[in-house]
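Working notes, beginning with the structure itself.
Residue numbers (the numbering used here): 228 to 518.
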């Protein structure tokens, strides 16, 4: 029987939001970005889109990699999908999160603090919501690593790194980590093992030079890198991801064409969708498409 995962990297400009549908039809979101629509465009809410267009009634698991606006912009719609489990950098205090917040953004950060306080139950080891048991997620493995030793003045260096794996196909979603936190993470053997030889890497920190770490990238060794960013970036490391990725076939649905790509960007390619798992004959597959 064919079984697969679906992963959608939304185009949320300079922000991030990834949706994961597991083989047993459970729903996971990593980050809550919406992008910057200050020039009069209609705002896009990935959460409401999941509810209204995908028919998702409840999220089983939400990961907020770190509390920066471009990763929590959609948080006021958080309760519309009644998430069961929330993961975030718990060691960051609410007072630290609220420090220096602009008045126009205050409601979103207060909402983050509210759910940070509310989601404090311990998930039992035998619970169907336990994220460390692949059986709960249709055989899909979910691993997270949270760096915590760097200065709290830069939340980027406290980003949760999420790794999802199914059918020996692996995707790494590393938040906005930079040198300090990568140094911490890369010193851990279990982290290095978890990220090694992945198929898809979401480029750290929106593809910025500040998020490019050579040791990390060489270890991940992705077939395909994806950059979630807007159209204007003055410190892009995209050429590094293009030259260093192994390459994979990407299907362009609007033209019916396909070609090998090494680096996709939401700014140029729009949303990126990956399906991966087992075909009916048991063979593994990874299918990546853009519009």
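Just so you know, even glycine gets a beta-carbon here, dropped at the ideal spot from N, CA and C.
- In the three-state scheme derived from DSSP, where H, G and I count as helix and E and B as strand, residue 494 is classed as helix.
- In the pairwise beta carbon analysis, the region 439-448 is classified as not touching the region 477-490: fewer than three pairs are separated by under 8 Å.
- Taking C-alpha positions only, residue 356 is separated from residue 257 by approximately 16 Å.
- In the DSSP assignment, residue 418 falls within the alpha helix (DSSP H) that extends over 416-422.
- Within the same chain, 294, 336, 339, 340 come within 7 Å of residue 324 by CB-CB distance, once the 5 residues on both sides are set aside.
- Sixteen is the threshold: when 16 or more other Cβ atoms of the shown chains lie within 10 Å of the Cβ of residue 425, as they do, the residue is buried.
- In the DSSP annotation of this structure, the continuous segment of the alpha helix (DSSP H) that includes residue 342 starts and ends at 333-345.
- Between the alpha carbons of residue 506 and residue 275 lies a distance of about 31 Å.
- DSSP places residue 298 inside the alpha helix (DSSP H), whose first and last residues are 296-299.
- According to the DSSP assignment, residue 314 belongs to the beta strand (DSSP E) that extends over 312-314.
- Counting of Cβ neighbours within 10 angstroms places residue 248 among the buried residues, the total reaching 16 or more.
- Bounds of any beta strand (DSSP E) do not take in residue 324; it lies within the alpha helix (DSSP H) bounded by 321-325.
- The beta strand (DSSP E) runs of length 3 or more contained entirely in the region 398-481 are, from start to end of the chain, 427-429, 451-454, 475-479.
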